[in-house]
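Enquirer: Under the working numbering, the first residue of the sequence shown is numbered 1312, with each subsequent residue one higher.
For every residue, glycine included, the Cβ atom is placed at its ideal position computed from N, Cα and C.
Have a look at the structure that comes next, please.
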Amino acid sequence: MHSRQKKGFPVSVLCEEALCRHIRGRTGIVIQDHQLENLRETISEICDKFGYASGEEFFDFLQQCEQYVPELEWLISRITVGETYFFRDQSQMDYLRLNWLPEIINRKREKGEKTLRIWSAGCSSGQELYSIAIMLHNALPDMESWTLHLLGTDINTDGLSRAIRGEYGEWSFRATDENIRRQHFIHKSHNQYKIKPQFRSMAKFSFLNLADDSYPSIMTETHAMDLILCRNVFIYFDGSMTMNVLKKFTNCLAPEGRLLLGASDMMPTAVDGLEFSEWGGMFYYRRADEKYSPQPLIKMPRKPQAITLPDTPSAPQLAAAERAEKLTPVSAAPVPAAPAEPKSIDTRIRELLREERWSEAIAAITQYMDIHGETSAMLQHRAKALSNRGESMQAVQLCQRSIELDPLNHHTYLIMALALLELNRMQEAEAALRKVIYLNRDFIEAHFHLALLQLRLGKVKSGLKSLENALSAAGRTDPGRELHHAVGMTVGRFAEVVKNEILVYDRHYGARSAGH
């Protein structure tokens, strides 16, 4: 039990500086000079609320904890502005409603790809993502035939729990037309309104720290996004963190995808892979088309050059040449380059997949199979790359062909399950995930995605149980090992993500008996 302290206990300068560095390293948030007084007051509140004798004792505790403990969440919630409202920033809402949505809906219809993926990064309590859900409802008369993935992420689990609950006060509607509130919300008591179930079910909320390397990834469902909204988050980052997050956002976007930041955020005009664009005085980023000309991994021998033969040597010349040949070391003779072996090509393909260079990986796999034929592994690799590019139907077909060649490969079943989820084929996806767990009960990723599927279907009790199964599997695995399908994420770091996911739903639903 921590000893109690009086509120207002001063924080030493050294402790204050160390905390600022810790917060930046952990969350990317930079404490500005004008925020220091608020930081001091917050540390004092935390010491009083949680029973620390000093700011130094609190800081020592933070350094020892890898996961997001309540004390850290309290700290972050006090130094950031989590308040937002529906249909915030009218110019951006107009751009989405009048320009982007009609354009992408028509383009997707023409291509026969009735799927939209939208991510609200730093979603606070969910108003932004629900605003998008309402816009989609109005823009898609055939919405039931579309597969819509609306993802909201934040580092504040209390805010995420409020988003899942979907209940809001009058102040959240200060920029909302009364007709929208009446049509899409249920009036509760004490001026509280709850989003209608059909809109609540469209959105999925999850814990994600933008300072981590957990995105882009199928594991966090942050891949192949058509639209990313990250508004008024970069105001807390410095330049290097902003550019780092922008780079990762770029890799999260599908070709032609859009990224919208807040009016107060720093917006560099030169970002690799993004085009800085303008509409009606509002600025946004567009993911440039992928332009890649693959270099052959297997170099064909060049056409031999014509050789001019010397005159026939005389006998003394022949004898001298023979003596020189005997004296010349074997290593001195030029050795023609051996053609690349299949193993080295396979290694290169794995490198491209690890670096998430999906188009290059697909081109390399095609070249490999043109020479060596189809293999289960290469079909699986190609399916993974296509799935990450949002080409889910082709990914499923390739997985099925891979399984025909190797029916016991649990990785292939996982990739197929994730692609089926993208296609909204829930029952088939669940069957594939259960097949993975049958083949390998300690496959952490399968338990996790089964949990996400169950939670999406409203099966909260089953979903929480699957999250706990993922946590148990992680406990039986080396914490320093990387996950198979989440580059850069270790088992230990993933366990922290799962704990936070459990915390989000526990805070909303309370007892585990809640749910189905």
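Run the CB neighbour count on ASP1583, radius 10 Å, all protein chains shown included, and call it buried at 16 or more, exposed below.
Expert: Looking at its Cβ environment, which holds fewer than 16 other Cβ atoms inside 10 Å, ASP1583 is exposed.
Enquirer: Output the distance between the C-alpha atoms of ASP1453 and ASN1735, rounded to the nearest integer angstrom.
Expert: One C-alpha to the other measures close to 15 Å.
Enquirer: Pick helix, strand or coil for ILE1497, following the three-state DSSP scheme.
Expert: Looking at ILE1497 - three-state DSSP - the assignment turns out to be strand.
Enquirer: Can you grab the Cα-Cα spacing for the pair LEU1709 / ASP1753, in whole Å?
Expert: Rounded to the nearest angstrom, the two C-alpha atoms are 25 Å apart.
Enquirer: Could you tell me whether the Cβ atoms of LEU1725 and LEU1697 are closer together than 9 Å?
Expert: No; because the gap between Cβ atoms is not below 9 Å, this pair is not in contact.
Enquirer: Helix, strand or coil for TRP1457? Go by DSSP, reduced to three states.
Expert: Residue state, collapsed to three classes: coil.
Enquirer: Here's the rule: buried if 16 or more other CB atoms are within 10 angstroms of the residue's CB, otherwise exposed. What is LEU1347?
Expert: The residue in question, LEU1347, is exposed, as its Cβ has fewer than 16 Cβ neighbours within 10 Å.
Enquirer: Assign TYR1479 to one of three DSSP states: helix, strand, or coil.
Expert: Residue state, collapsed to three classes: strand.
Enquirer: Applying the 10 Å Cβ sphere with the 16-neighbour rule, what's the burial state of LEU1564?
Expert: It counts as buried.
Enquirer: As an exercise, report each continuous beta strand (DSSP E) stretch of at least 3 residues that is fully enclosed by the region 1515-1586, in chain order.
Expert: Correct list: 1536-1541, 1564-1572.
Enquirer: When the Cα of GLU1702 is compared with those of ASN1410, GLU1424, PHE1398, LEU1459, which residue comes out closest?
Expert: Ranking ASN1410, GLU1424, PHE1398, LEU1459 by Cα distance to GLU1702 puts GLU1424 first.
Enquirer: Taking just the CA atoms, how far does GLY1339 sit from VAL1324?
Expert: Roughly 21 Å between the two C-alpha positions.
Enquirer: How many angstroms separate the CA atom of LEU1427 from the CA atom of ALA1762?
Expert: Cα to Cα, LEU1427 sits roughly 22 Å from ALA1762.
Enquirer: Assuming MET1593 is part of the beta strand (DSSP E), what are its boundary residues?
Expert: Its beta strand (DSSP E) spans residues 1593-1598.
Enquirer: Going by CA-CA distance only, name the one from SER1783, ASN1467, MET1704, HIS1692 that's closest to HIS1722.
Expert: Considering only alpha carbons, the answer is HIS1692.
Enquirer: From the DSSP secondary-structure annotation, give me the bridge partner or partners of ALA1432.
Expert: ALA1432 is bridged to THR1464.
Enquirer: Does the contact criterion of 3 or more C-beta pairs under 8 Å hold for the region 1519-1528 versus the region 1790-1798?
Expert: Touching, yes, given that three or more Cβ pairs across the two stretches are closer than 8 Å.
Enquirer: When the Cβ atoms of the region 1508-1527 are set against those of the region 1463-1477, are three or more pairs found closer than 8 Å?
Expert: As far as the Cβ criterion goes, the region 1508-1527 touches the region 1463-1477, which means the pair count is three or higher.
Enquirer: Residues in the same chain with beta-carbon distance under 6 Å from SER1442, minus the five sequence neighbours each way, listed in chain order, please.
Expert: These residues qualify, in order along the chain: PHE1397, PHE1398.
Enquirer: Please give me, in chain order, every unbroken run of the alpha helix (DSSP H) with length at least 4 that falls completely inside the region 1390-1447.
Expert: Whole alpha helix (DSSP H) segments, 4+ residues: 1401-1405, 1412-1422.
Enquirer: What is the rounded straight-line gap between the Cα of GLY1463 and the Cα of ARG1659?
Expert: Roughly 35 Å between the two C-alpha positions.
Enquirer: Whose C-alpha, out of LEU1538, GLU1356, LYS1776, LEU1732, is nearest the C-alpha of SER1388?
Expert: Measuring from the Cα of SER1388, the nearest candidate turns out to be GLU1356.
Enquirer: Just the C-alpha distance for ILE1673 and GLU1667, rounded to the nearest angstrom, thanks.
Expert: Near 11 Å, if we compare the C-alpha coordinates of GLU1667 and ILE1673.
Enquirer: Using CA coordinates, which residue listed in ILE1755, LEU1775, ALA1742, SER1777 is at the minimum distance from ALA1785?
Expert: The candidate whose alpha carbon is nearest that of ALA1785 is ILE1755.
Enquirer: Which whole-angstrom value describes the C-beta separation of THR1487 and SER1435, a residue pair presumed to lie in contact below a C-beta threshold of 8 Å?
Expert: No, THR1487 and SER1435 are not in contact; Cβ-Cβ is about 16 Å, not under 8 Å.
Enquirer: List the endpoints of the continuous alpha helix (DSSP H) containing LYS1772.
Expert: That run of the alpha helix (DSSP H) goes 1771-1786.
Enquirer: Can you find the residues in the same chain that come closer than 6 Å, C-beta to C-beta, to VAL1322, ignoring five residues on each side of it along the sequence?
Expert: Here the set comprises ARG1351, ILE1354, GLY1366.
Enquirer: Under a three-way DSSP split, which group does SER1512 fall into?
Expert: DSSP places SER1512 in coil when its eight states are reduced to three.
Enquirer: Using a Cβ-Cβ cut-off of 6 Å (strictly less than) and excluding sequence neighbours within five positions of SER1687, which residues of its own chain qualify?
Expert: The residues are SER1713, LEU1716, ASP1717.
Enquirer: Look at the Cβ atom of ASP1523, then the Cβ atom of ARG1804, and state whether they are nearer than 9 Å.
Expert: Yes, they are a contact pair.
Enquirer: Indicate the three-state DSSP secondary structure (helix, strand or coil) for GLU1348 in the structure shown.
Expert: Looking at GLU1348 - three-state DSSP - the assignment turns out to be helix.
Enquirer: Please state the DSSP three-state secondary structure of THR1338.
Expert: THR1338: helix per DSSP, three-state reduction.
Enquirer: Less than 7 Å between C-beta atoms, sequence neighbours within five positions excluded: which residues of the same chain meet that for LEU1386?
Expert: Once the five neighbours on either side are set aside, the close Cβ partners of LEU1386 are THR1353, ILE1357.
Enquirer: Nearest by alpha-carbon distance to ARG1511: which of THR1458, GLU1478, TRP1482, PHE1759 is it?
Expert: Closest by alpha carbon: GLU1478.
Enquirer: Between the C-alpha atoms of ASP1681 and ALA1599, what's the straight-line distance to the nearest angstrom?
Expert: Rounded to whole angstroms, ASP1681 to ALA1599 spans 29 Å at the Cα level.
Enquirer: In angstroms, rounded to a whole number, what distance separates the CA positions of GLU1384 and ILE1466?
Expert: Whole-angstrom Cα-Cα distance: 8 Å.
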